[in-house]
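Counting in the working numbering, the sequence shown runs from 16 upward without gaps. Single-structure report; data block below.
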Amino acid sequence: MKKNKLKIPLKKIRLLAILLVALTLMGFGVWKFLQTLDQFKIAEIRTSNDTPPFDFSYLKGRNILELDLKRESAKILQFFPECKRVRMVRILPNRIYIDLVQRKAIALVKLYKYFGLDADLVLFDVSVGEDVMNLGLPVITGMDTKIFGPKVGRKYDIKELRIVLSIIEEARRNRVLRDCKIRKIDIPQLTHISIFIIPGPSDSDYMDSTLRNEGLEIKLSSDRVRFKVALLAKLMVAAKKEWNKIKYIDLRFREPVIKLKDTKE
């Protein structure tokens with residue numbers, strides 16, 4: 016019995032290979048030719064409404080096809096550390112669209128000045144004015160010995176800031192605490208954290224001027240943050256009518272401690 020030999024069409028393969036090389040060279044030639052045309056030189060740069068004022072005119076005159084968008088985006092971010100990312104879009108034949116997505120502060124970190132802190136634990140410059148507390152953002156203190164020579168645009172992935180972020184996020188998720196304002200979080204040590212929280216506007220009848228301005232002090236440590244935030248919410252509801260009498264609530268121990276103000280205060 017004769018075996019059928021596999022016939023390989025070498026001529027067809029050679030022809031296809033030659034054709035493929037020719038098309039590649041032709042495409043490369045067309046690409047290089049397009050790069051020389053004035054029609055593809057950048058003539059207009061559009062930006063989103065919230066893009067910080069910056070002179071992008073240095074891009075004009077460059078060939079839009081040659082422009083490395085990823086590289087240019089990284090270069091722009093060096094000038095804007097307060098921005099999270101840059102989106103650049105080619106609009107053929109000769110326009111570029113630039114959108115800078117700015118970082119959103121979830122808190123202010125008090126060092127030698129105030130810095131914004133976003134959900135990625137990145138510090139950036141913010142304009143705070145004279146009345147910092149009216150910005151509605153928690154002010155983080157006690158970080159002077161944790162962050163030295165702070166640099167804008169740098170991520171500070173340290174435990175203290177991670178705990179702060181966790182406290183803020185858990186409070187936002189809680190239906191009781193989400194309307195409250197976290198005025199300040201002092202975190203000199205992981206075992207000694209103080210939160211100053213102001214109840215929501217709907218509970219203003221239960222607040223005196225001190226509570227309304229300074230907030231109620233809550234002491235806790237860095238362990239079991241979710242549990243302690245949930246416990247705090249329950250205590251806030253239960254003690255609503257007695258808020259003005261409370262000096263602080265301590266959640267560092269197995270059982271919560273409610274310290275009342277001295278009657279002389």
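Think of the CB as a built atom: it goes at the ideal place given N, C-alpha and C, for glycine as much as any other residue.
| Check | Outcome |
| --- | --- |
| Closest residue to Asn259 among Asp265, Ile212, Leu226, Lys234 (Cα-Cα distance) | Leu226 |
| Backbone CA spacing between Gly76 and Thr62 [nearest angstrom] | 17 Å |
| DSSP-derived helix/strand/coil call for Arg239 | coil |
| Segment limits, beta strand (DSSP E) that includes Lys196 | 196-204 |
| Residue burial classification, Leu30 (beta-carbon count within 10 angstroms, cutoff 16) | exposed |
| CB-CB length for Val101 against Ile91, believed under 8 Å | 5 Å |
| Straight-line gap, Asp83 to Leu74 (C-alpha atoms, nearest Å) | 11 Å |
| Residue of Asp135, Ser209, Lys128, Arg188 minimising C-alpha distance to Ile121 | Asp135 |
| C-beta contact flag for Asp218 and Lys255 at 9 Å | yes |
| Ala32, buried or exposed, once every other Cβ within 10 Å from all chains shown has been counted against 16 | exposed |
| Presumed contact (8 Å Cβ cut-off) between Pro96 and Gly164, rounded CB distance | No, Pro96 and Gly164 are not in contact; Cβ-Cβ is about 15 Å, not under 8 Å. |
| Residues near Leu176 by beta carbon distance below 6 Å, same chain, minus five either side | Leu136 |
| Limits of the beta strand (DSSP E) - the one that Leu107 falls within | Per DSSP, Leu107 belongs to no beta strand (DSSP E) and is neither H nor E. |
| Ala248 in three-state terms, based on DSSP | helix |
| Where Ala122 sits in the DSSP three-state scheme | strand |
| Three-state secondary structure assigned by DSSP to Asn149 | helix |
| Cβ-based neighbour list, Ile208, same chain, cut-off 6 Å, excluding 5 preceding and 5 following | Ile202, Leu235 |
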